Amino acid sequence: MTTRFAYVVQDDSPGESDEEGSSVETYQPSIEMADEGMQNRDNTMATILSIINNGPYSQVLSKRKYVELSDDACRMMNDSWLLLPSLRYACSQLLAGSIITNNNNEAIIVNSVEIYGRDRIMDEHRERSVNMEGVPVPSSLPPVPSKYHKTWVTMISEAEGKKLVFGTTSWSALVTSSLRIDMDHPASVGGTTAHFDLDPRENAATTTILLDADSIRMANALALAPHTDRIRHYDLLYQLRQLQTEFQDPSTYTMCHASGPFTDDLQRRPYTVFTLSSFDGDDLDFNTMLASQLFAFVAASVFKAEPSCRGLSVGSQRSNCHHQL
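To convert, take the position in the sequence shown, counting from 1, and add 5; that gives the numbering used here.
What follows is the structure, given as C-alpha cells:
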C-alpha cells in the first residue's frame with residue numbers, strides 16, 4: 006500500500022482514502038507558536054495579534070486565520086521535486102498570504118510569490134551559487150541553526166535593490182508583492198522589497214512566519230494532485246514568473262507564481278513580460294505592448310503543447326516591431 010502525505014496545519018477531519026489501494030495521512034501540527042522560550046513566544050504572539058486586530062488593515066486581517074510555520078510544513082517544503090513535482094505549486098501557494106515579522110515588531114503580508122528550484126535539471130532559473138567570475142554570491146539556503154527546520158526568509162541585496170526570499174534546501178521563493186500591515190506604507194511590487202528589512206545575522210533565529218489557513222488547505226490539495234501543472238485553473242499567464250531570459254527553456258513556462266487572498270485578481274497582480282499588454286494605462290508604447298503580446302502568444306502555445314509555437318505567426322508579429330525584440 007502506498008501512503009501519500011497531505012501537509013496541512015489544521016484539519017479536524019481524519020485521513021481519508023484517496024484512491025483504491027492508497028491512503029492519505031493528514032498531519033495536524035500544533036497551532037501554538039514555535040518554542041523559542043515561553044516569554045519570547047508570548048511576546049511575539051501578542052505583537053502579531055495586536056497588528057492583526059488593531060493595525061491599519063484589521064478589518065480584513067482579523068477575519069482570517071493564521072498559523073505559525075510548523076515542522077510538518079517545513080518537511081513538506083524540503084521534499085524533493087524530482088519525486089513530488091506537484092510540490093512546486095503547493096509550496097508557492099503555501100507561502101501566498103503569509104505574514105512575516107522581524108525583530109523590530111514590523112510585519113508584512115506576502116501578496117504574491119514565485120518559486121524557483123535549486124537544481125538545474127528542475128529549473129533553468131535556479132538561484133546561482135556563484136557569479137560569472139566564479140565568486141560566491143549571497144544565498145537563500147537556510148543556515149544552521151535556524152528557527153524553523155531547514156527553512157527561513159532573508160533579504161538578498163542585488164544591484165536593483167533588496168529582495169525578500171524564502172529559502173529551503175529544495176527551492177527559493179521570491180516575494181514579488183508585499184504590504185506592511187503594522188503601519189501605512191505603499192505596497193512593494195516587483196522583484197525588490199521596500200519598507201521592510203531583515204538583519205541577516207539575526208533573522209534566522211528571530212523572524213516569525215505565519216501561514217494563511219486558506220492557503221494551507223489549497224496547498225494541501227495541490228500536493229495531493231500528482232499531475233498538477235498549475236496553481237489556479239484561471240488567469241494562467243499571471244501564474245508565470247517574472248523572467249527575462251531562457252524563453253526557449255520549458256521551465257520558463259512553469260505556472261508557479263501564487264497570489265494571496267487579497268490579490269488574486271487581474272487588478273492586483275504584478276505585471277510580467279507575459280501580461281504587460283493587458284495594462285490599461287496610457288504610457289505603454291506600441292513596441293512594448295506588441296512584444297508582450299508576442300510573449301503571451303508563445304506561452305499560450307506552450308500551454309497547448311505546440312512545440313513549434315507557430316513560427317510563422319510569431320515571425321509576423323515580430324516583424325511589426327520597430328525595434329529588435
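Beta carbons: idealized from backbone N, C-alpha and C, even for Gly. Because the structure is a prediction, the values reported are computed rather than measured.
Option nearest residue i by Cα separation, candidates the options
i, options, result
"ILE186", "SER175, LEU241, LEU66, ALA310", "LEU66"
"SER175", "THR49, GLN253, MET127", "MET127"
"VAL72", "HIS262, SER256, ALA218, HIS190", "ALA218"
"MET294", "PHE302, SER306, LEU281", "LEU281"
"LEU227", "MET188, ARG273, LEU92, LYS68", "LEU92"
"ARG80", "ILE53, TRP157, PRO141", "TRP157"
"GLU251", "LYS68, ALA210, ARG125, SER220", "ARG125"
"SER97", "TYR239, ILE120, ALA230", "ILE120"
"SER283", "ASP240, ALA230, ILE161, GLU207", "ASP240"
"ARG222", "LYS70, HIS262, ASN59", "LYS70"
"PRO143", "PRO150, ASN108, GLU163, THR268", "GLU163"
"GLU207", "HIS232, ARG237, PRO150, LEU215", "PRO150"
"LEU99", "LYS155, GLY265, GLU111", "GLY265"
"ASN110", "THR213, PRO231, PHE302", "THR213"
"MET260", "PRO191, ALA95, ASP204, THR268", "ALA95"
"GLY60", "HIS190, ASP290, ASP204", "HIS190"
"PRO255", "ASP270, VAL303, HIS238, ASP290", "VAL303"
"GLN247", "ARG235, HIS262, ILE236, SER134", "HIS262"
Enclosing beta strand (DSSP E) for residue i [first to last residue]
i, result
"ASP217", "213–217"
"PHE284", "That residue, PHE284, is in no beta strand (DSSP E); it is neither H nor E in DSSP."
"TYR71", "71–73"
"ARG133", "Careful: ARG133 lies outside any beta strand (DSSP E) and carries neither H nor E."
"ASN116", "112–122"
"ALA2", "Because the chain is modelled from 6 through 330, residue 2 falls outside the range shown and cannot be assessed."
"ARG237", "First-last for ARG237: undefined, no H or E at that position."
"GLY166", "166–173"
"GLU207", "Taken as a continuous stretch (DSSP letters only), GLU207 belongs to no beta strand (DSSP E), as it is neither H nor E."
"ARG185", "176–185"
Length of the line joining the Cα atoms of residue i and residue j
i, j, result
"TYR243", "PHE171", "20 Å"
"ALA310", "SER63", "45 Å"
"LYS152", "THR159", "12 Å"
"TYR258", "ASN225", "23 Å"
"MET50", "ASN292", "51 Å"
"HIS328", "SER85", "In this prediction, HIS328 scores a pLDDT of 49, lower than 50, which makes its location untrustworthy; no coordinate-derived value is stated."
"SER145", "MET188", "27 Å"
"GLN272", "LEU299", "21 Å"
"GLN253", "ASP76", "38 Å"
"GLY122", "ILE104", "22 Å"
"ASN108", "HIS154", "19 Å"
"ASP204", "THR233", "36 Å"
"ASP270", "ASN48", "35 Å"
"PHE4", "ILE236", "Within the shown structure, residues of the chain are numbered from 6 to 330, placing residue 4 beyond reach of any answer."
"ASP290", "SER134", "37 Å"
Supposed contact pair residue j and residue i - C-beta distance, whole angstroms, cut 8 Å
i, j, result
"THR106", "ILE57", "About 10 Å separates the two Cβ atoms, so there is no contact after all."
"GLY195", "PRO90", "So it is not a contact: roughly 28 Å between Cβ atoms."
"SER297", "PHE279", "7 Å"
"PRO148", "ALA209", "5 Å"
"LEU216", "LEU74", "6 Å"
"SER193", "GLY102", "Actually they do not touch by this definition, with Cβ atoms about 15 Å apart."
"LEU245", "THR268", "Contact flag wrong, Cβ pair sits at about 16 Å."
"ASN83", "THR211", "Going by Cβ atoms, the distance from ASN83 to THR211 rounds to 21 Å, so no, they are not a contact pair."
Unbroken alpha helix (DSSP H) run spanning residue i, endpoints
i, result
"ASN292", "291–308"
"ARG93", "92–100"
"ALA78", "76–82"
"VAL65", "63–66"
Any contact of the region 192–206 with the region 163–183, i.e. 3+ C-beta pairs under 8 Å?
Yes, the region 192–206 is in contact with the region 163–183.
Given 8 Å as the limit, is there contact between the region 99–116 and the region 176–183, that is, 3 or more CB pairs closer than that?
They touch, by the three-pair rule.
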